[in-house]
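Quick note on UniProt numbering: the sequence shown kicks off at 1 and runs consecutively. For reference, the structure is listed below as structure tokens.
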Amino acid sequence: MIADYTQAIRLDPNYADAYNLRGLVYEMSGNRQKAITDLEKAANLYQQQGDTAQAQKVLDLLKELQQ
């Protein structure tokens, strides 16, 4: 699954959903630092793309992970 999202990111480095989903998979597999890195990237991309609602959801999740 991670490989699929990584491939999607290679094809489109601005694919916020791929960063978001890969981050969630990293978190579920116990790799918190990689999860945080991907989720931060996803939040930034969502903001740049004007999807503030999704960006806020990701930022809320990041707050939980960083506690």
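Quick reminder that beta carbons are idealized off the backbone N, C-alpha and C, glycines included.
When rounded, the separation of the alpha-carbon atoms in Gln-48 and Gln-67 is 26 angstroms. Straight through space, the alpha carbons of Lys-63 and Ile-9 are spaced by roughly 24 angstroms. Within the UniProt repeat "TPR" (16-49), the complete alpha helix (DSSP H) segments at least 4 residues long are 16-28, 32-48, listed from N- to C-terminus.
If you draw a straight line from the Cα of Gly-23 to the Cα of Asn-44, it comes to about 13 angstroms.
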